[in-house]
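Numbering (the working numbering), first residue to last: -9 to 397.
In this text, a Cβ means the ideal position worked out from N, Cα and C, and glycines have one as well.
These figures come from a predicted structure and were not determined experimentally.
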């Protein structure tokens, strides 16, 4: 308690006897008048007219929009430019300890920066309301915020697991590289205030700068990954389930009369989903999404299933008297039919059994007698089984290959 009271007393004494000095409006007004007196904003610093080095960086705030179809990439960010202007230096003691101040950007020199890969109209960076922060030793810090819209080359090869890299190109316009040189102050963008996007996940950022004959350029490379959950749940999984449903058309009885309508309905549903997915992809042939090939494969498989269904119905209703069943079809159906029956009726038969040969002869005679009873309907049922398992196997292989490729 005694220590706390001593601390409180010492704090009050220090507060009462400390002289707090602060600049006033008059001090700042005088400073601005002195700084701008005879100042020509059309002449770049420094006084000896050597190269003006502008240290550039970029603060990424959020990703506003990314339209894959048109290639429009929009971000909210702050371009940060720092340079030395020795004409704007002062002694803080002369202005009541004024170490820093702000001046509107249109009253002093600043670099003319344009966005090179703009998607609409060309405009310079920085609005009229932006001010430049000045420090007493001549340091100028220019931080114009803006919604930047650029064009981006879209690569949807692995959609919806695709990764995109878009670049913001800031060019110093109207000045040679020997006059104004932009230099990348950092190796990556500033992201402490970055807000997550619902569709895109920020993977990494990088910055670079280089000079060319007519000027210099500062680039910001932004790499983003798509969040695939929405497209998996709403597009890809429904297509997979529809394709699986299409195979089960072979389980419908041929007498029901619903096979053709069932197969055609699933085929049309797949066509609708292909149209929906095409709305999320750019209209270009440079990069085709692997998903498009997968959908085309599903569409072709659905078309083949429709053809097989029609073919099966013709076999099912074929007359046995007018069109006898070929012998090789009878043999195929009989072999598959009675091999399974042998396994179930005589499960204990082995090669060492004494009755094995006799039992095989009896089964062979039974197969020969039943071979004459095979009809076109039996052929159609056998055709249904082969088509069902064949289409399911093809779909499983296609799914495994598709997910291995895109992931």
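| Check | Outcome |
| --- | --- |
| Grab me the residues of residue 196's own chain with a C-beta within less than 7 Å of its C-beta, minus the 5 sequence neighbours each way, in chain order. | 177, 178 and 211 |
| Using CA coordinates, which residue listed in 150, 173 and 87 is at the minimum distance from residue 399? | Beyond the ends of the chain as shown, which are -9 and 397, falls residue 399; an answer cannot be given. |
| Around the Cβ of residue 23, are there at least 16 other Cβ atoms within 10 angstroms (buried) or fewer (exposed)? | exposed |
| To the nearest angstrom, how far is the alpha carbon of residue 222 from that of residue 238? | 23 Å |
| Residue 67 and residue 138 - do their beta-carbons sit closer together than 8 Å? | yes |
| Hey, quick one: how far does the beta strand (DSSP E) through residue 370 stretch, first residue to last? | Where residue 370 is concerned, there is no enclosing beta strand (DSSP E), although the alpha helix (DSSP H) it sits in stretches over 366 to 396. |
| Is there contact between the stretch 94 to 102 and the stretch 115 to 126, where contact requires at least three CB pairs shorter than 8 Å? | yes |
| Rounding to the nearest angstrom, what Cα-Cα distance links residue 249 and residue 385 in this structure? | 20 Å |
| Just list the residues that DSSP pairs residue 277 with in beta bridges. | Looking at the DSSP assignment, residue 277 forms no beta bridge with any residue, so it has no partner. |
| For the 8 Å Cβ check, are there 3 or more pairs between the stretch 198 to 215 and the stretch 160 to 171? | yes |
| Could you tell me the distance, in whole angstroms, from the CA atom of residue 391 to the CA atom of residue 287? | 12 Å |
| Counting beta carbon pairs with one atom in the stretch 19 to 34 and one in the stretch 71 to 85, are three or more of them shorter than 8 Å? | yes |
| Less than 8 Å between the CB atoms is what I'm expecting for residue 134 and residue 73, so what's the real figure, rounded? | The Cβ separation is near 14 Å, so there is no contact. |
| Should residue 46 be labelled buried (16 or more other beta-carbon atoms within 10 Å of its own) or exposed? | buried |
| Tell me the DSSP bridge mates of residue 131? | 72 and 123 |
| For residue 388, which residues of its own chain have a beta-carbon under 6 Å away from its beta-carbon, when the five flanking residues on both sides are left out? | 287 |
| DSSP three-state call for residue 415: helix, strand or coil? | No answer is possible for residue 415: the residues shown for the chain start at -9 and end at 397. |
| Please check the pair residue 163 and residue 227, which I expect to be a contact at CB under 8 Å, by giving their CB distance rounded to whole angstroms. | Between residue 227 and residue 163 the Cβ distance is about 50 Å, and since that is not below 8 Å, they are no contact. |
| Throw me the rounded Cβ distance for the residue 99 and residue 194 pair, which I believe falls under 8 Å. | Actually they do not touch by this definition, with Cβ atoms about 35 Å apart. |
| Look at the alpha carbon of residue 128 and the alpha carbon of residue 109, and state the distance between them as a whole number of angstroms. | 36 Å |
| What residue range is occupied by the uninterrupted alpha helix (DSSP H) comprising residue 256? | 249 to 268 |
| With a 10 Å radius around its C-beta and 16 neighbouring C-beta atoms as the bar for buried, classify residue 262 as buried or exposed. | exposed |
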